[in-house]
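Working notes, structure below.
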Amino acid sequence: MLEIKNLHVKLEEEDKQILKGVNLTVEAGKVHAIMGPNGSGKSTLSYVLSGRDGYEVTEGSATLLGEEILDMEPEERAAAGLFLAFQYPVEIPGVGNMTFLRTAVNAQRKARGEEEMSSTDFLKTIRAKAAELKIDADMLKRPVNVGFSGGEKKRNEILQMAMLEPKMCILDETDSGLDVDAMKLVSDGVNALRDEGRGFLVITHYQRLLDHIKPDVVHIMADGRIIKTGGPELALEVETNGYADLIAEEA
Ligand code: ADP
Ligand code: MG
Ligand code: MG
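Numbering (the UniProt record's numbering), first residue to last: 1 to 251.
Shown next, in the form of structure tokens:
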């Protein structure tokens, strides 16, 4: 589904190398988790995959279903089936949540050569999915994320993901700032989207999210590289012992 090879990334503005040869393959139907200390480059990886400005790829590639995405515009990446839920979801004043979602869904359908969703179908679908995430009608009418609490923003990200039905979902610290109930809602929302034809990359600081979204594979990232890959037990090991031993082992 997603294949990242030898990815090197530096900041555009300064001569600072952030990603130093990331290799990672996420298969369809699998959930991969990335854990790692603060500043190891996890968010940078998600930003670069989404096509955010300010980063320069100096080496390596990233393909989605065999297609190079690093040359694509952000909207082309989305049309190709990539979705990112960010650590800090953006607010879009003046644009209603529902309008935004409808436009996004139809733009994506168009890019895939599919017909627009009818208003009736759209309303039916969004109401059902919003209800599952405990997002009320009022939140659907308000401007995107404006004045939403941290938990509401994260739930709204999952609603976007559920509506867009992407092939590859990347979640960057979707658990940060969530209370236990919100984390359960978000995890249930993600788990409901698990599918044979869909891959997930879940970036998280803490093991606790992985109690709810059970990963197939866990990677540890430190200083711009994946230093260790294992099963779910690796996350538990980190929870108990921290990252220091793993980093020392690698060195
Ligand atoms: P993580 O998500 O693992 O905490 P980040 O990807 O946010 O790590 O950051 C990796 C490193 O790159 C950090 O040292 C961070 O300060 C630096 N960095 C990332 N983006 C920028 C930027 N735009 N300007 C300056 N430093 C940056
Ligand atoms: Mg961070
Ligand atoms: Mg981060």
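Glycine residues also receive a C-beta, built at the ideal position from the N, C-alpha and C atoms.
Bear in mind the structure is a predicted one, so any value in this text is a computation, not a measurement.
Asked                                                                                                                                           : Found
Apart from the five residues just before and just after His77, which ones in its own chain have a Cβ nearer than 8 Å to its Cβ?                 : Reading off the sequence, residue 77 comes out as Arg, not His. Excluding sequence neighbours, Arg77 sits near Leu49, Ser50, Gly51, Leu64 and Ile69.
Measure the C-alpha to C-alpha separation of Gln17 and Leu45 and round it to an integer number of angstroms.                                    : 12 Å
So if DSSP puts Lys5 in a beta bridge, which residue, or which two residues, is it bridged to?                                                  : Ser61
With DSSP as the reference, please indicate the residues paired to Glu67 in a beta bridge.                                                      : Leu64
Using the DSSP secondary-structure output, state which residues sit across from Glu56 in a beta bridge.                                         : Lys10
Specify, as a first and last residue, the run of the alpha helix (DSSP H) that Lys124 falls within.                                             : Ser119 to Glu132
Any residue with its C-beta under 6 Å from a non-hydrogen atom of ligand 1 counts. Can you list them all in chain order?                        : Leu11, Ile18, Gly36, Asn38, Gly39, Ser40, Gly41, Lys42, Ser43, Thr44 and Gly54
Examine ligand 3 and report whether any of its heavy atoms sits within less than 7 Å of the Cβ of Asp121.                                       : no
Taking Cβ positions, are Pro143 and Ile92 nearer each other than 8 Å?                                                                           : yes
Can you tell me whether Gln87 sits near ligand 3, meaning its C-beta is under 7 Å from at least one heavy atom of the ligand?                   : yes
What separation, rounded to the nearest whole angstrom, lies between the Cα atoms of Ile226 and Gly54?                                          : 22 Å
Let's test the definition: count the other Cβ atoms within 10 Å of the Cβ of Glu173 and tell me whether it reaches 16, buried, or not, exposed. : buried
State the Cα-Cα distance for the pair Ala104 and Gly94, rounded to the nearest angstrom.                                                        : 16 Å
Could you have a look at Met72 and say whether DSSP puts it in helix, strand or coil?                                                           : coil
Taking three-plus beta-carbon pairs below 8 Å as touching, is the region 211-219 in contact with the region 179-194?                            : yes
Does DSSP put Arg225 in a helix, a strand or coil?                                                                                              : strand
Using DSSP bridges, identify the partner residues of Gly96.                                                                                     : Pro143
What does the Cβ neighbour count give for Gly113, buried or exposed, with the cut at 16 atoms within 10 Å?                                      : exposed
According to DSSP, is Leu84 helix, strand or coil?                                                                                              : strand
Rounding to the nearest angstrom, what Cα-Cα distance links Glu12 and Ala192 in this structure?                                                 : 38 Å
Which of the three DSSP states, helix, strand or coil, is assigned to His205?                                                                   : coil
Does DSSP put Thr25 in a helix, a strand or coil?                                                                                               : strand
By Cβ distance below 6 Å, which residues in the same chain neighbour Gly224 in space, the five residues on each side in sequence not counted?   : Ile18, Leu19, Lys20 and Gly41
Within the present structure, is the beta-carbon of Glu157 separated from the nearest heavy atom of ligand 3 by less than 7 Å?                  : no
Considering just the uninterrupted stretch of the alpha helix (DSSP H) at Val90, what are its terminal residues?                                : That residue, Val90, is in no alpha helix (DSSP H); it is neither H nor E in DSSP.
Within the present structure, is the beta-carbon of Asp223 separated from the nearest heavy atom of ligand 3 by less than 7 Å?                  : no
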